[in-house]
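> This is the structure, below, for whatever I ask next.
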Amino acid sequence: MIRDILVNLAQGVETDRACDFAASLAASFGAHLTGLSVAYEIDVPPFYMGALPTDFIDAQVLENQAAAEKASARFTAAASAAGVAHEVRSLSASLGVAANSFAEMARLFDLTVVAQPDPDRPGPEEVIAETVLMESGRAVLIVPYVQVKPFSAERAVVAWDGSRPAARALAEALPLLHRTKEVEVFRVVSHRDEEDTVGADVVRHLARHGLNAKVRKLPVTSGEPIAAAILNEVADQGADFVVMGGYGHSRIRELVMGGVTREILATMTVPVLMAH
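Residue numbers (this note's numbering): 691 to 966.
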């Protein structure tokens, strides 16, 4: 069961979609909810420091602290309104340090909730989401920046390709899947007549967990976007969330996401549970 949830708190927004969704999720599971509020430090290269007025830096620090306090207050209000036990943790750090600290924190939570990066409002969300996905070792639930509905689990789509990340995502998604009425195992294959014994194995595994799932096989031609196929299926099924593996690898001071993962992160319209 999900008993302990962590959420990254957004700044500079009137409505924190991930925070509100996490509060409704915690209420549904009777879980404790922890929010992390970061006062981002000014990360200026040393050779620029002398060119910046001291009062500008001081004003920016105060502004970031005020934004963090506002995020904490918004979280407290949302969690209190949802009737869930909660706490807020505060951190002053650069974006890189904050992202790594958040990933380390996530290792001791059942589920971590983050916001989808909004392309119209550049912010720390992309770095936070990628770091926690790649480095925490736990599942991450990414909430669309346009999300309005609270947590719902009527229908789920499991994007399955038999990989290690997909297996981890499926295992960590079981508490959510047990809340569903319909689960579809979605398989992208290269040929229409390709036999799908793997999909049948997934259905059998879920059946032993008391879940009645079905398989849908979608042939795609070479070069056809897999992410688009997944999202089209989600729309066709009216799914409430997606379960899939997150792909990529770490480099020194750089996170490189796989193409499908990055496309899903950019275009998702429902919450997506990922694990790496």
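Backbone N, C-alpha and C define an ideal beta-carbon position, used for all residues, glycine too.
From a predicted model like this one, the values you see are computed outputs, not experimental measurements.
1) Which term fits Gly936, buried or exposed, when burial requires 16 or more other beta carbons within 10 angstroms of its beta carbon?
2) Give every residue of the same chain whose Cβ lies closer than 8 Å to the Cβ of Ile942, excluding the five residues on either side of it in the sequence, and list them in chain order.
3) Note down the Cα distance separating Arg952 from His776, rounded to an integer number of angstroms.
4) In the DSSP output, which residue or residues are listed as bridge partners for Tyr730?
5) Does DSSP put Val703 in a helix, in a strand, or in coil?
6) Do Ala819 and Phe1000 come within 8 Å of each other at the CB atom, strictly closer than that value?
7) Hey, how far is the Cα of Ile636 from the Cα of Leu785?
8) Using DSSP bridges, identify the partner residues of Asp694.
9) Would the beta-carbon of Gly835 fall within 8 Å of that of Arg707?
10) Bridge partners for Ala965 per DSSP, in chain order?
11) Let me confirm a value: Ser853 is counted as buried when at least 16 other C-beta atoms fall within 10 Å, else exposed. Which label applies?
12) Looking at C-alpha atoms only, which residue of Arg811, Gly702, Thr821 and Pro840 is the closest neighbour of Thr713?
13) I'd like to confirm the pairing. Which residues does DSSP put opposite Met802 in its beta bridges?
14) Is the separation between the beta-carbon of Leu955 and that of Pro865 shorter than 8 Å?
15) Where do the N-terminal and C-terminal ends of the alpha helix (DSSP H) with Ala775 fall, by residue?
On the basis of the coordinates in this document:
1) As a first step, residue 936 must be located in the sequence shown, where it is residue number 246. By the neighbour-count rule (16 or more Cβ atoms within 10 Å), Gly936 is buried.
2) Here the question's residue 942 lines up with position 252 in the sequence shown. Because the pLDDT of Ile942 is 42, which lies under 50, any placement of that residue in the model is unreliable, and the question is left without a value.
3) Within the sequence shown, the letter at position 262 stands for residue 952. Within the sequence shown, the letter at position 86 stands for residue 776. Approximately 31 Å, taken between the alpha carbons.
4) Walking along the sequence shown from the start, residue 730 turns up at place 40. Note: Tyr730 sits in a beta bridge opposite Ala783.
5) Translated into positions along the sequence shown, residue 703 becomes position 13. Of the three classes helix, strand and coil, the one that applies to Val703 here is coil, per DSSP.
6) Because the chain is modelled from 691 through 966, residue 1000 falls outside the range shown and cannot be assessed.
7) The question about residue 636 has no answer, for the chain in this structure spans 691 to 966.
8) As a working note, residue 694 is residue 4 in the sequence shown. By DSSP's assignment, Asp694 forms a beta bridge with His722.
9) In the sequence shown, the residue the question calls residue 835 occupies position 145. In the sequence shown, the residue the question calls residue 707 occupies position 17. Before going on, a small fix: residue 835 reads as Tyr here, not Gly. Contact flag set, yes.
10) What you label residue 965 is simply residue 275 of the sequence shown in a count that begins at 1. Partner(s): Gly935.
11) If you number the sequence shown from 1, residue 853 lands on position 163. Exposed.
12) Position 23 of the sequence shown, counting from 1, holds the residue named residue 713. The residue you asked about is not Thr; residue 713 is Ala in the sequence shown. Of the listed residues, the one whose Cα sits closest to Ala713 is Pro840.
13) Against the sequence shown, residue 802 aligns to sequence position 112. Strictly speaking, residue 802 in this sequence is Thr, with Met absent from that position. Answer is Leu696 and Val830.
14) The residue labelled residue 955 in the question sits at position 265 within the sequence shown. The residue labelled residue 865 in the question sits at position 175 within the sequence shown. Not in contact: Leu955 and Pro865 (Cβ atoms no closer than 8 Å).
15) Position 85 of the sequence shown holds residue 775. Premise fails: Ala775 is in no alpha helix (DSSP H) and is neither H nor E.
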